[in-house]
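Undergrad: Got a structure here, written out as structure tokens. Questions coming.
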Amino acid sequence: MEEQQTTTREWLWGFVAILTAPSRVLPLLGRHAGKVFVMALLVSTGASVLTNWLYAHSWALHRQMVEIARQRLEAYIAQHPQLTPKQQQELHQQLQLGMRFSLPRSLIGGLFSNTVALLSLLGLLWLVQPLVWVRWGGLRLGVIVTAFGYTVLWSACGEVLTAVFQVIGGSLQVQPSLAAFVVPEQQPVLFAALSRFHLGTLLQFGILGFLLKQAAALPLWRAMAWSYSALLLWVAAIYGMGIAMT
């Protein structure tokens, strides 16, 4: 019974090993893919909620985010002159309500957005295989899911760490990414896209490339190209959708 419980729970220790010794995750790849994905979703949602809470309790960051949201709302209203004054007032009220931190709303929003993000990235990891000369089906989907799921912890830690830097610095630009060189009030879409390239995400996909290299017996450069090409396409899609909505 004790051995069975150890075997059942060893997938959970993969989330510890991915931070301390990623190579120890290799024997776990392809096992309990559903559980690993759900745990990755919970971890990323928890990071999103904590980040939102930190933003809401920083006066400087909250003011900056309200200003960015207000500018985008004004641009939307300018593009839709048919809106009545009452409708415009309702939009401003919804904006004020949406900028307040709410744990239930943050949890629901985090679960939805992170589910979409994780599934999108997994889909891209599967689709880009021919671009890096990897045969579809050469690596079981469960192996890709577990390798990606375990590495999500790096991105989640990076997201929270970035928020801590921003709170200490009192500005959204204070972060370990290329977004530090973009003024969010002037280029909000580009800023949001570049913010995805924070240190935690770069480490996540680097370690993911290492796991894929070992699992599929690939040259390192092909495994890294596989991993980072999915990330680049995902960020490009976010940027494109942001531009289309402005």
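Numbering (this note's numbering), first residue to last: 240 to 485.
All C-beta atoms in this analysis are idealised placements derived from N, C-alpha and C, irrespective of residue type, glycine included.
Keep in mind the model is a prediction, meaning the values are calculated, not measured.
#1: Assign M338 to one of three DSSP states: helix, strand, or coil.
#2: Quick one, are the C-beta atoms of S283 and A431 less than 7 Å apart?
#3: Rounded C-beta distance between W292 and F340? I'm assuming under 8 Å.
#4: For T323, does the three-state DSSP call read helix, strand or coil?
#5: Going by DSSP, what residue range makes up the alpha helix (DSSP H) through W372?
#6: Given this structure, state the Cα-to-Cα distance separating E241 from R248, to the nearest angstrom.
#7: Considering Cα atoms alone, identify which of V305, L442, G285, V421 is closest to S434.
#8: Going by DSSP, what residue range makes up the alpha helix (DSSP H) through G481?
#9: Quick one: is V382 near chain C, going by C-beta distance under 7 Å?
#10: Closer than 8 Å is the cut-off here; do at least three beta carbon pairs connect the segment 367–386 with the segment 406–416?
#11: Expressed to the nearest angstrom, what Euclidean distance is found between the alpha-carbon atoms of G269 and A454?
TA: Let me spell this out:
#1: coil
#2: no
#3: 6 Å
#4: coil
#5: No alpha helix (DSSP H) contains W372, which DSSP labels as neither H nor E.
#6: At E241, the pLDDT of 40 sits below 50, so the modelled position is not reliable and the matter cannot be decided from this model.
#7: Ranking V305, L442, G285, V421 by Cα distance to S434 puts V421 first.
#8: Where G481 is concerned, the enclosing alpha helix (DSSP H) stretches over 459–484.
#9: The structure shown contains no chain C; it is built from a single protein chain.
#10: They do not touch, by the three-pair rule.
#11: 10 Å
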